[in-house]
Amino acid sequence: MKKYRITGEGKKMTRFVALALALLMLVSIGCGQSKKATPKNANKLEFTVQDVNEKTVDMRQYLGKVVIIDFWDTWCGPCRREIPHFNDLYAEYGSKGLVIVGVAFARQGKDAVKQFTTSQPIKYVSTLFNEEAQKQFGSPTGIPTTYIIDQQGNIVEKAVGYRDKAFFEQKIKSLLKIS
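Going by my numbering, the letters in the sequence shown line up with residues 69 to 247, in that order.
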């Protein structure tokens, strides 16, 4: 049997394919996960962000409420599909102690986020990702990444990837003690 050796360009291509497959596997591991998260510090609401109109939003003001923080961006299809769910949930549970904060990565720029939120109304707080948010949550491995935070500021759920309205509603009702 004749043995073949991969050399030169073939060796580079083999390495490239192997690295690409390894990266794909690492990225896909995070997709669709939902798990109970253990916070690094107890209060995950210890940060400020800017809204799309450059107004500072101090997240500490939401301590004592159930908070959903959704990391998203304008180009993300699954993120766009979740927005109507969040609008509905905010309309139904906002007066009962729910706050929803969308944190856009704004990779296409702040103006793209502002334009998007005008054409696709977002009825909850819409902000932009910054260093403070990154210090609290790190850089999400995929989007949408959504955190559900209890009234004490603790992360009780982390969901990576699209989730339907029922998923969030069940968690919200439990935390707000609504049957």
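Here a beta-carbon is modelled for each residue, glycine too, at the ideal position from N, C-alpha and C.
Computed from a prediction, not measured in an experiment: that's the story for all the values here.
With a CB to CB cut of under 6 Å and the five nearest residues on each side skipped, what residues in its chain are close to residue i?
| i | result |
| --- | --- |
| Ile97 | Confidence is the limiting factor: at Ile97 the pLDDT is only 38, short of 50, which leaves the residue's position unreliable, though a coordinate-based value still follows. For Ile97, where only same-chain residues beyond five positions count, there are no Cβ hits under 6 Å. |
| Phe184 | Thr142 |
| Leu243 | Val134, Asp218 |
| Lys191 | Asn155, Tyr158 |
Using CA atoms only, rank isn't needed, just tell me which of the options is closest to residue i.
| i | options | result |
| --- | --- | --- |
| Asp138 | Ile168, Gln188, Gln118 | Ile168 |
| Gln129 | Ser207, Gln219, Phe154, Ala174 | Gln219 |
| Phe205 | Ser187, Ala227, Ile190 | Ala227 |
| Gly177 | Lys191, Val193, Phe197 | Phe197 |
| Glu122 | Val193, Thr209, Glu225, Ser247 | Val193 |
| Asp126 | Phe235, Thr195, Thr209 | Thr195 |
| Gly145 | Lys245, Phe235, Gln188 | Gln188 |
| Ala201 | Lys191, Lys182, Val171 | Val171 |
| Pro208 | Arg148, Phe173, Ser247, Gly132 | Phe173 |
| Val181 | Leu131, Phe235, Arg148, Ser247 | Arg148 |
Give every residue of the same chain whose Cβ lies closer than 7 Å to the Cβ of residue i, excluding the five residues on either side of it in the sequence, and list them in chain order.
| i | result |
| --- | --- |
| Val135 | Leu113, Val167, Val169, Ile217 |
| Lys233 | His153, Asp156, Leu157 |
| Ile240 | Val134, Leu157, Tyr161, Leu166 |
Going by DSSP, what residues sit across from residue i in a beta bridge?
| i | result |
| --- | --- |
| Met168 | As written in the sequence, residue 168 is Ile, which differs from the Met given in the question. The partner list for Ile168 (beta bridge, DSSP) reads Ile136. |
| Asp119 | Thr195 |
Please list, in chain order, all residues of the same chain as residue i whose beta carbon is under 8 Å from its beta carbon, the five residues on each side excluded.
| i | result |
| --- | --- |
| Leu124 | According to the sequence as given, residue 124 is Thr; it is not Leu. Once the five neighbours on either side are set aside, the close Cβ partners of Thr124 are Thr116, Val117, Gln118. |
| Glu150 | Asp138, Trp140, Pro212, Thr214, Tyr230, Arg231 |
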